[in-house]
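Structure, as structure tokens:
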Amino acid sequence: MADKSQSRVERRKQLKQKNTKSKPMRKKIMKYVLIAVLVIGLGIGALFTYYIATAPDLDAELLADPASTNLYDINGEVFAKLGAEKRTKIEYDDMPPVLLNAILATEDVRFHDHIGIDFRRIGGAVIANFREGFGAQGASTITQQVVKGSFLTNDKKLKRKIQEQWLALQLDRVYSKEEIMEMYVNKIYYGSGAYGVAMAAEIYFGKTDLNDLTLAEAAILAGLPQRPSAYDPFVNPDLTKERMDTVLNLMVQHNKISEEEADEAREVNIEELLTSKKPDFVKYEGFIQQVRKEVNEKTGADIYKDSLDVYTTLDPDAQEHVEFLLSDADDNPIDYSEDEDMQVGLTVLDTNTGAIRAIGPGRNRENDGWNYAIDGDGRQGGSTMKPIVAYGPAIEELKWSTYHQINDDEPYKIAGTEDSYVRNWNRSYQGWMSIRYALEQSLNVPAVKTLEEVGYNNAQEFAEGIGMDFESDFTLTDAIGGSGSSVTPIEMAGAYAAFGNEGVYHEPFSVIKVDYSDRRSDELESKSTVAMSDYTAYMITDMLKSVVREGTGTRANVSGLDMAGKTGTTNLTDEEGGGSPDSWFAGYTTNYTVSVWTGYDKERKALNNTKIAQDLFRETMSFISQDVETENFVKPDSVVEVQVEKGSNPAKRPSEYTPDSQIVTELFVKGTEPDAVSEKFDELEPVANLSASYDEESESITAKWDHEEDDVEFKVSAGTDGSLNDLTTTGNKEVEISNVDKGKTYTIEVIAVNDDMESDPKTVTVDVPEDEADDLPQVSQLNQTFDPANRSALISWEYDQNGPVEFEIVVQDGGQTIDEFNTNKKSVNITQLEPNKNYTIHVTPFLKNNGVRGPSASVQVSTQGMDNEEEPENGQENEEQEEQPAEDDEQSDDDQQNQDEPQSDQNEQQQDESNEED
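Take any residue in the sequence shown, count from 1 to its spot, add 1275: that is its number in the numbering used here.
This is the structure in structure tokens:
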């Protein structure tokens, strides 16, 4: 028992000693924690003190005037001064309660109760940010917004927030609540170029007296400052309506209006509230929209709310010309008459730096309206995606040559579907072809086959490396720009510029530098990244040069410029009516890259003229390249030019016998060029002892020849008059040609051929004689009957020969031919015979079709003893004729001679001629 008692005592002692030791240790830890907290607190206090000490002073002038931002072009000239115009100042008493209540409910409901900062709101924001992430909810009061817009930038750094709260406390101490509210409503930006609520009311609703504002209008104005471009009622009335409903809900929540009043206000139609006079179009506004977007994304500042000096990449001459081309000016070379409501998005970049030189935001736009060059997700890219998704990755990953052969044999079935196919736009399939030709002619089947070979992951990685963003799953039809993925003109320009810049990609940028009112600066020029090998960039460029020289993009070509480019269209289904709702052209030189989209706004319907995109590219590139030296694209050392025999697969070099017409020059990645030489056109011995003969009995030609080799065939051609037609290819050494034409000379050509080669041709000629015509017999029973009274003789004969026989009649007087004619009759009447003559009439038969003649027969007609006095009536007529006016005597000697010569019966001769015509 004693031992046990002692052990308990010992244990208590030990426990007491242990507790004694642990108490000093806790005190030490607590001491260190308190010291750390104190140090941290002092550090934070010192930091806060530093931030407060370096905060700007309250400047009454800056508080009174809205922020003014200067935008500079590449020449250092100010092209826009934002905030200096479109403002109308009001006083606090000019604000009606409905507007004041809408602003307070939306922006700062405890405005009249706090000291410039709202601790309750800060607490709510801290909780929201803890739950949803930093920046999820702001705690800025109206006073803080005035401070920020007057003296500070828009970033979310701790320094700016501390300075903002400090200055808000000072502002609330120095100025009354009414003065601060007055500053707010005069400084804030409401969109459409309007600074201050008074100008906004006039621009949107046409009201110059704020007391005329309705509850709905006041709610719209109160909701605009949060996102003035997005909630612009001229552009997005649906979003405006949603924002108005939010403001009305807040006014009900804070007991500014009743639920019934809110419901009544919700019934309005936004478009009916707006004035018919919309804001004037702002010069260079499409470019300014990109500047605002870029500055806000990269710095958090707002060019309409903050005082900035922004140095941009704008080329004012290029921008002016682009806006001209998108206008309805009478002297605009672009004809929009076929698609008057067509919209356009256009971007001009510096190929080497990615600097945006000009932006074409659209046609007939409203102020601060949708910008088709930069806004949204864009449209389907069509065939302009082929270099980006198919051929670029294939050259980069697989080191394909520009000659690489791919089989365009038939429509390509999409895997996993029952009846979905990729088809070529022309519904034509030409078999094996080079990828250069496939891209030049914008054929779809070779493009999707290329994507399949290169692999989806490789293709997507390549495309994303030059700025593409694929929203949906990457699919087969991304190769032809026909999937759910879309692209904007600015993104397309950035991707194509990388091809023109030796594979180096720059994200397109419009802002070089931003200077702030506190003398800080941000450099915003984009950095370069190597997106592909230089051989890929050059080989794609060379293929795209073929597109504009002889492919689908010839209309975009600018004479004298070394340029490359690609067309692209998308298709509607048959159910949608067919046609192309989108048309693209993207191209570049070593200086500039231009991307153009044309289509309709929200309605997806077919364009009537899909060539406008090419016209816009041509006119833009031509203008910006004038008086500028444009260097040619330079082939890098990683690429070699190689002559290839056309049709060889895989590629082979031509032999010394390959015809020039069968040789093409293509590009290969160095080290992959072919070594094999084609034997297709190597020398093959021609045929020997070629001869030909005509067999009259069979009426055919037989050609024969010799050849030393056995594994050859012979191509035989034949023809007349210098024209040869292919007859046959045979393994025999003779050929028979039937159905030949008589009276012709035939040329027979024979070429020896095998699987790879053809010999020189050998020829021989052979004459095919005419059929010998039978002799024609002489006419029989040739007689004449002389009629002295009429000075005529009837000549008649008989003839039994069949066929197209006619008769040549020759009248002679003393051996001299005085008349000659033909007839198909068997009698003629010779008239106007002269007295005391001996006439000889010859009759000769002949065949009309080939001129074969028979022997002549003759008959004599004598007019001896015939007296002129036997024809007193004729004499009287002659006397009467001599008394005619002088012009009748002016007959030619030939006419007079014809009157004196014997004539055949005129009626009979006319009948003969009529029969001859029949």
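C-beta: ideal position from N, C-alpha, C; glycine also.
**Report entry** C-alpha distance - PHE1784 paired with ILE1765, whole-angstrom precision
**Finding:** For PHE1784 and ILE1765, the gap between their C-alpha atoms comes out near 10 Å.
Query raised in the report: How close, in whole Å, do the beta carbons of ASN1627 and ASN1776 come, if the pair is a contact with beta carbons under 8 Å?
Result: At roughly 6 Å, the Cβ-Cβ gap stays under 8 Å, so ASN1627 and ASN1776 are in contact.
Requested in this report: Say whether the stretch 1676–1690 touches the stretch 1583–1599, bearing in mind that this needs 3 or more beta-carbon pairs closer than 8 Å, one atom from each stretch.
Outcome: Under the Cβ criterion (8 Å, minimum of three pairs), the stretch 1676–1690 does not count as touching the stretch 1583–1599.
Report task. To the nearest angstrom, report how far apart LEU1999 and GLU2024 are at their CA atoms. Result -> Taking C-alpha positions only, LEU1999 is separated from GLU2024 by approximately 8 Å.
Report task. Flag this pair as yes or no: are the beta carbons of PHE1943 and VAL1962 separated by less than 7 Å? Result -> Their beta carbons are not under 7 Å apart, which means PHE1943 does not touch VAL1962 by this criterion.
Requested in this report: Let me know if PHE1562 comes out buried or exposed under the rule of 16 or more other beta-carbons within 10 Å of its beta-carbon.
Outcome: The residue is buried, with at least 16 neighbouring Cβ atoms inside 10 Å.
Query raised in the report: Between the C-alpha atoms of ARG1879 and GLY1853, what's the straight-line distance to the nearest angstrom?
Result: Distance between the alpha carbons of ARG1879 and GLY1853: 11 Å.
Query raised in the report: Looking at the structure shown, is TYR1696 part of a helix, part of a strand, or coil, going by DSSP?
Result: The DSSP-derived three-state label of TYR1696 is strand.
Requested in this report: Going by CA-CA distance only, name the one from VAL1543, PRO1608, GLY2140 and ASP1797 that's closest to ASP2062.
Outcome: It is GLY2140 whose Cα lies nearest to the Cα of ASP2062.
Query raised in the report: Quick one, are the C-beta atoms of ASP1383 and THR1344 less than 7 Å apart?
Result: No, the pair does not count as a contact, with Cβ atoms beyond the cut-off.
Query raised in the report: Straight-line CA distance for ASP1507 to ILE1741?
Result: Computed Cα separation, rounded: 33 Å.
Query raised in the report: Expressed to the nearest angstrom, what Euclidean distance is found between the alpha-carbon atoms of THR1895 and ASN1732?
Result: Whole-angstrom Cα-Cα distance: 36 Å.
Query raised in the report: So the alpha helix (DSSP H) PHE1562 belongs to, where does it begin and stop?
Result: Counting along the chain, the alpha helix (DSSP H) containing PHE1562 begins and ends at 1560–1574.
Requested in this report: Name the residue from ILE1976, ASP1981, THR1947 and THR2040 whose alpha carbon lies nearest to the alpha carbon of GLU1960.
Outcome: Among ILE1976, ASP1981, THR1947 and THR2040, the Cα nearest to that of GLU1960 is on ASP1981.
Query raised in the report: Do LEU1485 and PRO1371 have their C-beta atoms within less than 7 Å of each other?
Result: Cβ distance < 7 Å, so LEU1485 and PRO1371 count as in contact.
Query raised in the report: Any idea what DSSP makes of GLN1889, helix, strand or coil?
Result: If DSSP states are grouped into helix, strand and coil, GLN1889 belongs with the helices.
Query raised in the report: Looking at the unbroken beta strand (DSSP E) that takes in GLY1498, where does it start and where does it end?
Result: From DSSP, GLY1498 is part of no beta strand (DSSP E) but of the alpha helix (DSSP H) over 1490–1498.
Query raised in the report: Who are GLY1994's beta bridge partners in DSSP?
Result: Bridge partners of GLY1994: THR2022.
Query raised in the report: Is the stretch 2068–2083 close to the stretch 2031–2042, with three or more CB pairs under 8 Å?
Result: Output reads no: the stretch 2031–2042 does not touch the stretch 2068–2083.
Report task. Please report the residue range of the alpha helix (DSSP H) in which ASP1520 lies. Result -> Here the alpha helix (DSSP H) through ASP1520 covers 1512–1528.
Query raised in the report: Ordered along the chain, which non-local residues of its own chain (more than five positions away) have a Cβ less than 6 Å from that of ASP1447?
Result: Correct list, in chain order: ILE1390, GLY1391 and THR1418.
Query - 8 Å Cβ shell around TYR1611 - same chain, five flanking residues per side excluded - result: Within the same chain, TYR1611 has close Cβ partners ASP1603, MET1617, ARG1638 and ILE1887.
Query - Rounded C-alpha distance that separates GLU1454 from TYR1367 - result: C-alpha separation (whole angstroms): 7 Å.
Query raised in the report: Of all the options LYS1462, GLN2107, GLU2095 and GLU1728, which has the alpha carbon lying nearest to the alpha carbon of VAL1664?
Result: Minimum Cα distance to VAL1664 is reached at GLU1728.
Requested in this report: Check LYS1238 in the structure and name its three-state DSSP category.
Outcome: With the chain running from 1276 to 2193 in the structure shown, residue 1238 is simply not present.
Query - Nearest residue (CA-CA) to THR2022, options ASP2031, TYR1969, SER1973 and ALA1475 - result: That would be TYR1969, whose Cα lies nearest to the Cα of THR2022.
Query raised in the report: Using DSSP with H/G/I as helix, E/B as strand and the rest coil, what is LYS1820?
Result: LYS1820 falls in the helix class under three-state DSSP.
Query - Three-state secondary structure assigned by DSSP to ASP1614 - result: DSSP places ASP1614 in coil when its eight states are reduced to three.
**Report entry** contact_flag[the stretch 1858–1872, the stretch 1792–1800] where n(CB pairs < 8 Å) is 3 or more
**Finding:** Under the 8 Å Cβ criterion, the stretch 1858–1872 does not count as touching the stretch 1792–1800, having fewer than three qualifying pairs.
Report task. Return the residue from the list GLU2083, THR1804 and SER1717 that minimises the CA-CA distance to LEU1819. Result -> Looking at the Cα atoms, SER1717 is the closest of the given residues.
Report task. Counting only the same chain and skipping the five closest in sequence on each side, list residues whose C-beta sits under 7 Å from that of ASN1701. Result -> The answer is none, since no qualifying residue turns up.
Query raised in the report: Within 10 angstroms of its Cβ, does PRO2130 collect 16 or more other Cβ (buried), or is it exposed?
Result: Answer is exposed; the Cβ neighbour count stays below 16.
Query raised in the report: Can you tell me the Cα-Cα spacing of GLU2165 and PHE2121, whole angstroms?
Result: At GLU2165 the pLDDT is 39, less than 50, meaning the model places this residue with poor confidence; the figure from the coordinates comes in the next sentence. When rounded, the distance between both Cα atoms is 40 Å.
Report task. Would you grab the beta carbon distance between ALA1494 and LEU1523 for me? Rounded to a whole angstrom, and I think it's under 8 Å. Result -> About 5 Å separates the two Cβ atoms, so the contact holds.
Requested in this report: May I ask you to report which of helix, strand or coil DSSP gives THR1865?
Outcome: THR1865: coil per DSSP, three-state reduction.
Query raised in the report: Going by beta carbon distance, what residues of the same chain come within less than 8 Å of ASN2153, once the five residues before and after it are set aside?
Result: Any answer about ASN2153 is weak, because its pLDDT of 37 lies below 50 and its placement is not dependable; what the coordinates show is given next. If the five residues before and after ASN2153 are omitted, its C-beta is found closer than 8 Å to no C-beta atom of its own chain.
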